[in-house]
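Below: the structure, in structure tokens.
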Amino acid sequence: MLEETLETLRRGSGDRRAAAELALTRLSEPRLSTSPEALLARIEELEKQVALLRTGGVAPQTTAKKESPAPVPGKPEKADGAKEEKMPEQPPEKSSDAPAKKEPKKSAESAEPISKWNLILEEFGQVKPAMLPFMRGSSATLSDGVATVSLTVGMFLTLVDGDETAKTVLLSLLSEHGVKANEVRFVSGSQKKNNDGQIEF
183 MLEETLETLR RGSGDRRAAA ELALTRLSEP RLSTSPEALL ARIEELEKQV ALLRTGGVAP
243 QTTAKKESPA PVPGKPEKAD GAKEEKMPEQ PPEKSSDAPA KKEPKKSAES AEPISKWNLI
303 LEEFGQVKPA MLPFMRGSSA TLSDGVATVS LTVGMFLTLV DGDETAKTVL LSLLSEHGVK
363 ANEVRFVSGS QKKNNDGQIE F
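Numbering (my numbering), first residue to last: 183 to 383.
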């Protein structure tokens, strides 16, 4: 992995800084490594989880599922009739989806930028220095108790959004600065731009 990164830096192709940061992140995060050793470690963890699930009561769940269809055979005609009745009800369901899609737009319009975001980001970097490079240049808004963080580089979205510890740290810092948020969401920069410059899903 280091050899590939060095070749990328020598050729000068792409963003050198991003390539270096990704290499450092993969070295510090074993779950992101694609080496055979890392893959074997993941397989061992999965096997342990499967073993725990087998001993943790998966059998009663399967039996519960098998018991539920028992009363169904006694009412086959009603089940068929229910299916026939549901078929004509599908068209009106599409009309009900239309107003449901309009609700996120209203929440986007009411989103307010978090004025102390740069300060919060600096304090976040002291707690999670490895994640700070992926959040540089980001912005944040608050709407209905949800703090939405817009990242400038979309390729980092999956990495940052999968770190639950980072979300917990951000919620704590937001609370310390008087921002009442009960959830943190990450989006890429392409998802946030509307006419008012606010985040839009």
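Quick reminder that beta carbons are idealized off the backbone N, C-alpha and C, glycines included.
Spatial neighbours of Leu222 within its chain, please: C-beta separation below 8 Å, excluding the five flanking residues on both sides.
none
Relative to the C-alpha of Val342, which residue among Leu353, Arg199, Phe368 is closest?
For Val342, the closest alpha carbon among the candidates Leu353, Arg199, Phe368 is that of Phe368.
Could you tell me the alpha carbon to alpha carbon distance between Glu233 and Glu219, rounded to whole angstroms?
Going by the sequence as given, residue 233 is Ala instead of Glu. Cα to Cα, the separation comes out at about 21 Å.
If you measure between the beta carbons of Ala329 and Val366, is that distance less than 7 Å?
yes
Which of the three DSSP states is assigned to Pro311 in this structure?
coil
In terms of alpha-carbon separation, which member of Thr347, Glu358, Asn364 lies closest to Lys310?
Closest by alpha carbon: Thr347.
Does DSSP put Val342 in a helix, a strand or coil?
helix
When DSSP labels each residue in this structure, what does Ser292 get in the three-state scheme?
DSSP, reduced to helix, strand and coil, places Ser292 outside both helices and strands of the structure shown, so it counts as coil.
Helix, strand or coil at Val369 according to DSSP, with G and I counted as helix:
Note: Val369 maps to strand in three-state DSSP.
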